[in-house]
Structure formats: C-alpha cells, structure tokens
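Quick note on numbering: the sequence shown equals residues 1 to 229 in full-length UniProt numbering. Take a look at the structure below.
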Amino acid sequence: MCTCLPIAVVTTVRCRLSWHFILIGLWKLITSISLAGITIHRCFLMRQEVKRPVPPPQKKSLRKLVLDKIMRTPLNPDRHQSQVEAQPHLFQKEPRTVKNKPSPLWWLVVYLVGSVIGMVGLGSLLYESFRSNPTVRDLTIGFAILAATIPALVTSYLWQHARHRKLGPGEVLLGGAVAFGVAFGFFSALYSDLVLGTIADNMSGLPSSDFSWLYWAWFFFKRVPMMAV
1 MCTCLPIAVV TTVRCRLSWH FILIGLWKLI TSISLAGITI HRCFLMRQEV
51 KRPVPPPQKK SLRKLVLDKI MRTPLNPDRH QSQVEAQPHL FQKEPRTVKN
101 KPSPLWWLVV YLVGSVIGMV GLGSLLYESF RSNPTVRDLT IGFAILAATI
151 PALVTSYLWQ HARHRKLGPG EVLLGGAVAF GVAFGFFSAL YSDLVLGTIA
201 DNMSGLPSSD FSWLYWAWFF FKRVPMMAV
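Encoded structure:
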C-alpha cells in the first residue's frame with residue numbers, strides 16, 4: 001500500500017485535465033486502500049486471537065458425558081423440533097462473535113463507494129462510445145444483465161424460503177440489496193477494464209513507452225502481497 005498509493009496519486013494528478021479520468025483514478029485508489037485495509041485489519045485480528053490465553057480443558061466425569069449424550073439425542077432422528085429451531089438465522093450473529101471489534105468486511109463499503117464514484121466517471125466517458133461502438137454497447141448490456149440477474153435470483157430465493165427461515169419482507173429486500181452490491185462491485189471492475197481497453201483499442205492493457213515504468217511499478221507492488229500467502 002505504501003508504494004501503490006503514491007503511484008496512484010501521481011497517475012490521478014496527471015489526468016487532472018479530464019474529470020472522467022480523475023474519478024476513475026480515485027476509483028482505483030480507493031480499491032487499493034480498501035483491499036489493503038481488509039488484509040491489515042484481518043492480520044491484527046488474527047494476531048490478537050493468537051495472543052488470547054486458551055482456558056484449560058475441563059475434565060468431565062463418565063456420568064456427565066452420558067447425560068450430555070442423552071440430552072443431545074433427538075427423539076425423532078428424521079426431524080426433531082430442536083434441530084429446526086437450531087438452524088441459524090440468515091442475519092443472526094454467531095455467539096462467539098466479538099461485538100466490540102468491527103469486522104474487516106466493513107472495508108467493502110469503502111470499496112463499493114469507490115466503485116460508484118468510478119462508474120460515474122466511466123459512464124460519462126462512455127456516453128458517446130455507447131451509441132457509436134457496438135462492442136461497448138454489447139459489453140454494457142451484458143454486464144447490466146448479469147448485475148441485475150444475480151440479486152433478482154437471490155431475492156426470489158429468499159422470498160420463497162422466507163416462511164421456513166422466518167424472514168420478514170425487510171430482510172428479504174436487504175438480502176437482495178446486499179447481493180446487488182456484491183454483484184455491482186465485482187462486475188464493475190471487470191466491465192471498466194474491458195470497456196476502457198475497447199475504447200483505447202488495447203485489450204492487453206500494455207502501456208505506452210513513455211509511462212511504462214509507472215505501469216510496471218504499479219503492477220509489481222500490487223502483487224507483492226501474494227507472495228506472503
């Protein structure tokens with residue numbers, strides 16, 4: 001992150017004469033910040049989890065083990081009411097969830113905000129190309145169908161199983177909204193790369209010789225964290 005952010009800032013400043021590219025540059029910058037935030041946040045949580053003292057195991061007597069076995073055995077092996085009630089709710093928190101520690105997935109909200117900002121700039125840039133370039137038009141329609149189909153399927157699935165899972169209309173709509181946000185954030189990144197490559201007639205994405213060092217430096221430092229896996 002310490003190397004990618006300065007490069008992204010330099011690239012954004014060089015595009016200051018076109019607000020479309022400034023928004024797209026901010027999009028990529030926010031993407032790098034959010035993904036780095038998820039990684040660093042997760043590392044801190046894992047480090048705290050490792051340092052947490054582990055309580056000594058409790059020894060159970062034979063009588064206690066037999067009673068636990070009897071209490072956990074259902075009266076009807078096929079379908080027991082306790083098993084139905086024990087099914088986790090869709091939006092129910094796990095009992096072991098630490099409430100005072102925010103989840104690293106909240107960084108995805110930052111990622112989604114950056115995607116919206118970038119798509120505003122990209123949409124304004126593609127206004128003329130959408131009517132004159134059939135490839136851009138086909139890509140736009142195809143990705144729009146994908147981004148709309150996935151949340152529609154998720155919403156319909158939750159609506160059909162709402163009675164069994166005890167979901168209200170608000171929770172069903174919330175599930176569809178979450179599915180739309182995930183689909184939008186994922187497909188918008190692919191869509192922008194393909195559309196910009198189509199407009200520039202450079203689908204490989206190779207830079208010009210003037211700024212190749214900037215591109216390859218970004219490419220290298222962006223993928224260095226993969227070596228830590």
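The beta-carbon is built from N, C-alpha and C at its ideal position, and this holds for glycine as well.
Three-way DSSP call (helix, strand, coil) for residue i in this model
| i | result |
| --- | --- |
| S212 | helix |
| L153 | helix |
| H20 | helix |
| L167 | coil |
| C15 | coil |
| D193 | helix |
| D201 | coil |
| H41 | helix |
| R52 | coil |
Whole-angstrom C-beta distance between residue j and residue i, which should lie under 8 Å
| i | j | result |
| --- | --- | --- |
| I30 | G114 | 3 Å |
Beta-carbon spacing of residue i, residue j below 7 Å
| i | j | result |
| --- | --- | --- |
| L196 | L139 | no |
| R137 | F130 | yes |
| G181 | L125 | no |
| V120 | S34 | no |
| I117 | L5 | no |
| V172 | A162 | yes |
| G176 | T155 | yes |
| I7 | A217 | yes |
| A179 | P134 | no |
| R16 | P104 | no |
Buried or exposed by the 16-neighbour rule on C-beta atoms within 10 Å, applied to residue i
| i | result |
| --- | --- |
| K51 | exposed |
| W107 | buried |
| S18 | exposed |
| K28 | buried |
| W213 | exposed |
| S188 | buried |
| G170 | exposed |
| A200 | exposed |
| T97 | Note that T97 scores 46 on pLDDT, short of 50, meaning its location in the model is unreliable and no value can be drawn from it. |
| G168 | exposed |
| Y191 | buried |
| A148 | exposed |
| S204 | exposed |
| S32 | buried |
Residue range of the unbroken alpha helix (DSSP H) whose run includes residue i
| i | result |
| --- | --- |
| P104 | First-last for P104: undefined, no H or E at that position. |
| R131 | Y127 to S132 |
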